[in-house]
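Participant: Chains as they are written, first to last, in the working numbering: chain U, 36 to 193; chain Y, 6 to 114. Glycine is no exception: its CB is placed at the ideal position from the N, C-alpha and C atoms. Have a look at this one.
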């Protein structure tokens, strides 16, 4: 009885290997990374624009309390919703673990930016010297996510 | 007609390596360019701390933001690498599909 079960399993495994090889050779291409997702592309592009507008605004608001956290809280609230939407979309797409991790990193950085802004209190502004590396970090993040998304346009115009 | 295993392996290997060689340089360039930008940002943060324009808690948050952004970039490098491998595997399979179809005497496409 046991040897019958083992023999059946061995034949099944052998058949599975043959079918896999035939599937591979029959024009079924390998896919290791998710397909291009236009909605993610559009959402990340829009979010980058929002962040850039925010940094430009902060650079021009050199005097508290206009530059303070409380007067700019809406940016953080809205951006958290935007990033959360990107996370949900990324999680719904198969083979998309990298973008899920990237969206998580983006959310964490948004929270850190918010903490940094809060630390300034209502009497200090984020200076232009501080905004420069912050802008660089977020821009690099957005470019990274978009670069990978666009690279997924296999065989399509990129 | 018997399948020439050596010929199949050689064709696959050549196609695989050729495809990887095509994709690798642009990934390397991207990683290096982003690495330079982060190094510059870290230098800016250090200068701000030394000049007393930011305190320790603020410097720590700045550094965490840079670290996380670097992570996002390297995740993309990993993704581009996976896409390069995917392209290489598919190129290798494509290179031998005709050979295998002929040897087996049936069209699998």
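#1: Taking residue 107(U) as the reference, give the member of 121(U), 118(U), 86(U) with the closest Cα.
#2: Output, in chain order, the set of chain Y residues within a Cβ distance shorter than 8 Å of residue 186(U).
#3: Going along chain Y, which residues have a C-beta under 8 Å from residue 93(U)?
#4: Whose CA, out of 53(Y), 43(Y), 92(Y), 33(Y), lies closest to the CA of residue 21(Y)?
#5: Using three-state DSSP, classify residue 159(U) as helix, strand or coil.
#6: Buried or exposed: residue 79(U), going by 16 or more other Cβ atoms within 10 Å of its Cβ?
#7: In chain U, which residues lie with their C-beta within 7 Å of the C-beta of residue 58(Y)?
#8: Would you mind telling me which residues of chain U sit closer than 8 Å to residue 81(Y), beta carbon to beta carbon, in chain order?
#9: With H, G and I counted as helix, E and B as strand and the rest as coil, what does DSSP make of residue 71(U)?
#10: Taking residue 186(U) as the reference, which of 65(U), 71(U), 64(U) has the closest Cα?
#11: Within 8 Å (strictly less), CB to CB, does residue 175(U) reach chain Y?
#12: Name the chain Y residues that come within less than 8 Å of residue 68(U), Cβ to Cβ?
#13: Listing by chain order, which chain Y residues have their CB less than 7 Å from the CB of residue 20(U)?
#14: Since I believe residue 46(Y) is in contact with residue 168(U) (beta carbons under 8 Å), could you give me their beta-carbon distance rounded to a whole number of angstroms?
#15: Here's the rule: buried if 16 or more other CB atoms are within 10 angstroms of the residue's CB, otherwise exposed. What is residue 73(U)?
#16: What residues of chain Y sit near residue 99(U), judged by a beta carbon separation below 7 Å?
#17: Put residue 111(U) into one of helix, strand or coil per three-state DSSP.
#18: Residue 28(Y) lies in the alpha helix (DSSP H); which residues open and close that run?
#19: So, does the CB of residue 48(U) fall closer than 8 Å to a CB anywhere in chain Y?
#20: Check whether the Cβ atoms of residue 144(U) and residue 106(Y) lie closer than 8 Å to each other.
#21: Relative to the C-alpha of residue 65(Y), which candidate in 177(U), 150(U), 184(U) has its C-alpha closest?
#22: Following the continuous alpha helix (DSSP H) through residue 84(Y), name the residue where it begins and the one where it ends.
#23: Which whole-angstrom value is the C-beta distance of residue 141(U) and residue 152(U), which I expect to be below 8 Å?
#24: Would you mind reading off the limits of the alpha helix (DSSP H) that contains residue 137(U)?
Facilitator: Let's see:
#1: 86(U)
#2: 84, 85, 88
#3: Those within 8 Å of residue 93(U) in chain Y number zero; the least Cβ separation is about 15 Å.
#4: 92(Y)
#5: coil
#6: buried
#7: 162, 164
#8: 133, 137, 179, 180, 182, 183
#9: coil
#10: 71(U)
#11: yes
#12: 84, 87, 88, 91
#13: Within the shown structure, residues of chain U are numbered from 36 to 193, placing residue 20(U) beyond reach of any answer.
#14: 4 Å
#15: exposed
#16: None at all; the shortest Cβ gap to chain Y is about 16 Å.
#17: helix
#18: 10 to 55
#19: Caution is warranted here: a pLDDT of 46 is assigned to residue 48(U), below 50, making its placement in the model unreliable, and the coordinate value is therefore given only provisionally. No, residue 48(U) lies away from the interface with chain Y (no Cβ there is under 8 Å from its Cβ).
#20: no
#21: 150(U)
#22: 61 to 109
#23: The Cβ separation is near 17 Å, so there is no contact.
#24: 132 to 154
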